[in-house]
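Numbering (our numbering), first residue to last: 421 to 524. Note that CB positions come from ideal geometry on N, CA and C, so glycine has one too. Scroll down for the structure; my scribbles are underneath it.
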């Protein structure tokens, strides 16, 4: 599903104009990005948490030049789904049917 598909579904289910849904969704994305940039985590009960994870300094390798390079410590954004969210996905009949078909 793409962002346009998500906007269309929300618009159809709520009766809100697509433009208004787009503006709301973009505002949500901006606020999450700004909060993570400012060092705050975003917790949405029943959905999950947008957090920053610290990556330790490590030694990497430039394959083209075959030399070791130091990758400095940095932070990356991450999403941790809520337990309710994980359980809903695990109990999905569609996903379970796809898994069974792949196992055969």
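Check	Outcome
Assigned exposure category for residue 427 - 16 Cβ within 10 Å defines buried	buried
Helix, strand or coil at residue 460 [DSSP, three-state]	coil
Sequence-distant residues of the same chain with beta carbon closer than 6 Å to residue 442, five excluded per side	427
Validate contact between the region 439 to 456 and the region 473 to 487 using beta carbons, cut 8 Å, 3 pairs	no
Alpha-carbon to alpha-carbon, residue 507 and residue 515	12 Å
Minimum length 4: unbroken alpha helix (DSSP H) runs contained in the region 448 to 513	503 to 510
Inter-residue Cα distance where the pair is residue 513 and residue 483	44 Å
Whole-Å CB distance - residue 496 paired with residue 472, under 8 Å assumed	7 Å
Three-way DSSP call (helix, strand, coil) for residue 437 in this model	coil
Beta-carbon proximity check, residue 461 vs residue 470, cutoff 8 Å	yes
Through-space distance from residue 485 to residue 510, alpha-carbon basis	44 Å
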